[in-house]
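Enquirer:
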Amino acid sequence: MVDDWRTDRIGSALRGENPAVVRHLSAGFAVIGDVQFLPGYSVLLVDDPQVERLSDLPKGKRLTFLSEMEQLGEAVERACARMDPAFRRVNLEILGNTDGFLHAHVWPRFDWEPSELVRMPVWLYPRDRWTDARYALGPQHDALREAIGNELDRLRSA
């Protein structure tokens with residue numbers, strides 16, 4: 820994958836140039852994560868790069884963003900449970916410590932994770948999980964990406 824879109828994730832999504840986008844939702848973009856050491860990791864990006872915090876959104880769009888975060892979480896849950904019997908649960912997080920725009924992390928968790936990490940925040944995983952090329956998003960994740968998108972479609976049409 821080309822790296823230029825990573826410097827402007829929301830702008831590139833708005834222009835249709837962000838290859839990680841799974842679906843454009845009402846309040847943002849559901850994207851599959853750059854790293855997949857926990858397969859199915861996804862992010863909900865707000866669709867306005869000027870929005871830094873949840874409280875920056877008008878109340879209606881704020882509630883829509885939170886609802887879509889939950890929908891993306893459920894879509895990841897359904898797709899991961901179907902693809903890996905060791906799926907445990909999904910962790911949802913809005914942190915805002917690094918990127919200056921509103922986004923929510925959706926982390927699937929699995930029984931096969933190392934015992935010292937499975938009950939800890941994902942951020943405590945060793946640095947190599949974040950940088951090793953074997954965990955980078957790529958074509959090998961297309962089926963998972965499609966499954967998440969299909970689950971989002973089902974949830975949104977229900």
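Each residue of the sequence shown is one higher than the one before, starting from 820 at the first, in the working numbering.
Here a beta-carbon is modelled for each residue, glycine too, at the ideal position from N, C-alpha and C.
The structure presented is a predicted model; accordingly, all values stated were derived computationally and were not measured.
Please state if the CB of A923 and the CB of L963 are separated by a distance shorter than 9 Å.
Expert: no
Enquirer: Among A900, F929, A905 and E912, which residue has its Cα nearest to the Cα of L863?
Expert: E912
Enquirer: Between the alpha carbons of V909 and Y860, how many angstroms are there, rounded?
Expert: About 9 Å.
Enquirer: Identify which residue in A952, F884, A832 and L857 has its Cα closest to the Cα of L936.
Expert: L857
Enquirer: Measuring only the C-alpha atoms, how far is D823 from A898?
Expert: 29 Å
Enquirer: So within the segment 917-959, which uninterrupted alpha helix (DSSP H) runs reach at least 4 residues, ignoring any that extend past its ends?
Expert: 946-950
Enquirer: By how many angstroms is the C-alpha of R872 removed from the C-alpha of R975?
Expert: 25 Å
Enquirer: Report the CB separation of A894 from I829 in whole angstroms; it is logged as a contact under 8 Å.
Expert: The beta carbons of A894 and I829 sit about 20 Å from each other, so the pair does not count as a contact at 8 Å.
Enquirer: If the criterion is Cβ atoms closer than 9 Å, does the pair F884 and G847 meet it?
Expert: yes
Enquirer: Which stretch, first to last residue, makes up the alpha helix (DSSP H) that contains N969?
Expert: D961 to S976
Enquirer: Do R948 and V865 have their beta-carbon atoms positioned less than 9 Å apart in this structure?
Expert: With respect to R948, V865 sits apart: the two C-beta atoms are not nearer than 9 Å.
Enquirer: At which residues does the alpha helix (DSSP H) containing A894 begin and terminate?
Expert: K878 to M902
Enquirer: In terms of residue numbering, what span does the alpha helix (DSSP H) encompassing S831 cover?
Expert: R828 to L833
Enquirer: Have a look at D903 and R834 and give me their C-alpha separation to the nearest angstrom.
Expert: 34 Å
Enquirer: Would R881 pass as an interface residue toward chain C - the criterion being a Cβ-Cβ separation below 9 Å?
Expert: In summary, chain C is missing from the structure at hand, where a single protein chain is found.
Enquirer: Compute the beta-carbon to beta-carbon distance between E887 and L844, rounded to the nearest angstrom, for a pair I have assumed lies under 8 Å.
Expert: 5 Å
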